[in-house]
């Protein structure tokens, strides 16, 4: 009657496995602290940094990205979502269907070293300058999570970085802020229409992956969340898509659908006067609407962006293209697109835009 | 313990075996869930697995329990061993198929999770296209596994019944 032995044995295996796994996951984080000679204290409680399962770099970052033209990108479909970067006349698109298997791309745009990051579970995408203390660094996946969000590590000091916070959380660079680069989240059809010269990250990534199939299935569209959250906020559906903005520790979230329907929003985040503009679905940009000390208010008139103060015309890039302000440039602000539950978990005191 | 079970009637013994088999298969499944989801507390992982795959977990356990019942019951009747072996093998493959593909839907339990890691290793073993098909059709394939388990159980019941009639 061996089965009478099997059940208790399985029970013992379960308990042993859990104990071993929790022991090793804590030891990993402790190793980062032990190897750190700067005595920086962790920014978040260590027990909140948990192992996701795979080892460091188990989900491999793309470190030598290869780009192709729009014509060559036959694997792309109009409805695919891309992270779009535009800098010094260069445009690059990073399809989420590739990023879902890699989460991190170490790249350059013109002469700027950047890291493009994506956490599918939180739907957080962020782009950072990958320069720390004057050194160009590469980032990789640590295999760990904080608040169910991607934790990266840098290959210079092995410090751990929270993607959603854009900050070092454990190790030498604990507390260090990565410089955020404004980017777009856009449908491929819109991005290539706006930037026909764009380059696209190719599927030739050095790894064999079933690009085009999303392993998260219908997770994005169902309201269910299967993991515990540090801070739950019921003001919105957990998976409502929001864009968040920060100014001097003031946080404010905007429902993506609100911005899409209004197209132009003039608002305040903390002390900062902000313009939100969305002329294409999913694609939202934010600009500081204070120009040389004058606060501008914008409106859409016959599909043209006009400021009420001077009636100057502006384009999506934040440049005045006609009127007395012609040639002036608004300062673009980096936005955090994510699911509401993730934004609220990282920013429990966030304001939520209520509309007019 | 062994003596007390041996003294039971054939039906009771088969029933006890089936309950143990069903619970054991469920425990093995949940053990794998807990191991592959270290980011979650075990209870949260188990609860999430039930939310996502309750039909598979319960169906597989009932299927295995039924197979254990039939196997023990037919053994008690002195039936031919080859019949039990084929059914047992079919059930085993059904349970593996069902369990394997149902794990695919557990990817959203954690970012950078073990299941995603395993899926990312699959293309180097079976190729990208087959992996893509596996991911896309994981749910129907998991249910196919359940169907195989119950299919073999059905065949076993039919053969057993036939044999009992012949023996009488």
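Protein chains in written order, with the numbering used here: chain A, 151 to 506; chain B, 4 to 171. The C-beta atom is built at its ideal place from N, Cα and C for all residues, glycine as well.
Could you compute how far the alpha carbon of residue i sits from the alpha carbon of residue j?
i                     : j                     : result
residue 232 (chain A) : residue 324 (chain A) : 30 angstroms
residue 249 (chain B) : residue 302 (chain A) : No answer is possible for residue 249 (chain B): the residues shown for chain B start at 4 and end at 171.
residue 204 (chain A) : residue 428 (chain A) : 38 angstroms
residue 395 (chain A) : residue 151 (chain B) : 53 angstroms
residue 122 (chain B) : residue 422 (chain A) : 45 angstroms
residue 504 (chain A) : residue 68 (chain B)  : 55 angstroms
residue 53 (chain B)  : residue 410 (chain A) : 37 angstroms
residue 342 (chain A) : residue 221 (chain A) : 10 angstroms
residue 165 (chain B) : residue 248 (chain A) : 56 angstroms
residue 393 (chain A) : residue 373 (chain A) : 18 angstroms
residue 113 (chain B) : residue 78 (chain B)  : 44 angstroms
residue 19 (chain B)  : residue 26 (chain B)  : 11 angstroms
residue 328 (chain A) : residue 214 (chain A) : 21 angstroms
residue 13 (chain B)  : residue 80 (chain B)  : 8 angstroms
Cα-Cα, which of the options is closest to residue i?
i                     : options                    : result
residue 339 (chain A) : A:300, A:348, A:332        : A:348
residue 435 (chain A) : A:482, A:457, A:194, A:369 : A:482
residue 284 (chain A) : A:271, A:326, A:245, A:299 : A:326
residue 133 (chain B) : A:359, A:251, A:330, A:354 : A:359
residue 235 (chain A) : A:243, A:228, A:229        : A:243
residue 333 (chain A) : A:433, A:258, A:380, A:269 : A:433
residue 98 (chain B)  : B:146, B:124, B:53, B:127  : B:146
residue 476 (chain A) : A:494, A:457, A:486, A:491 : A:457
residue 40 (chain B)  : A:295, A:487, A:218        : A:295
residue 110 (chain B) : B:12, B:36, B:19           : B:36
residue 30 (chain B)  : B:44, B:61, B:14, B:15     : B:61
residue 238 (chain A) : A:262, A:279, A:362        : A:262
residue 195 (chain A) : A:217, A:297, A:474, A:345 : A:297
How is residue i classed by DSSP in three states: helix, strand or coil?
i                     : result
residue 310 (chain A) : strand
residue 217 (chain A) : strand
residue 177 (chain A) : With a pLDDT of 48 at residue 177 (chain A), under the threshold of 50, the modelled position of this residue cannot be trusted; read the value that follows with caution. DSSP places residue 177 (chain A) in helix when its eight states are reduced to three.
residue 199 (chain A) : strand
residue 284 (chain A) : coil
residue 18 (chain B)  : helix
residue 142 (chain B) : helix
residue 469 (chain A) : strand
residue 32 (chain B)  : helix
residue 251 (chain A) : coil
Kindly list the residues whose CB is nearer than 6 angstroms to the CB of residue i, restricted to its own chain and excluding five residues on each side of it in sequence; keep chain order.
i                     : result
residue 289 (chain A) : 254, 265, 302, 304
residue 17 (chain B)  : 72, 75, 76
residue 440 (chain A) : 423
residue 106 (chain A) : Nothing can be reported for residue 106 (chain A): it is not among the residues displayed for chain A, which extend from 151 to 506.
residue 267 (chain A) : 254, 276, 313
residue 176 (chain B) : With chain B represented from 4 up to 171, any question about residue 176 (chain B) goes unanswered, as that position is not in the structure.
In its own chain, which residues sit with a C-beta less than 7 angstroms from the C-beta of residue i, not counting the 5 before and 5 after it?
i                     : result
residue 282 (chain A) : 304, 306, 323, 326
residue 375 (chain A) : 388, 491
residue 479 (chain A) : 468, 469
residue 420 (chain A) : 397, 398, 400
Going along the chain, which residues of its own chain have a beta-carbon closer than 8 angstroms to the beta-carbon of residue i, five neighbours each way excluded?
i                     : result
residue 177 (chain B) : The structure shown has nothing for residue 177 (chain B), since chain B only spans 4 to 171.
residue 141 (chain B) : 104, 105, 107, 108
Below 8 angstroms, how does it come out for the stretch 197–211 of chain A and the stretch 222–231 of chain A: are there three or more Cβ pairs, yes or no? The stretch 197–211 of chain A and the stretch 222–231 of chain A do not touch, with fewer than 3 CB-CB distances between them shorter than 8 angstroms.
Under 8 angstroms: do the stretch 487–498 of chain A and the stretch 268–278 of chain A share three or more Cβ pairs, one atom per stretch? Cβ pair count under 8 angstroms is three or more, so yes.
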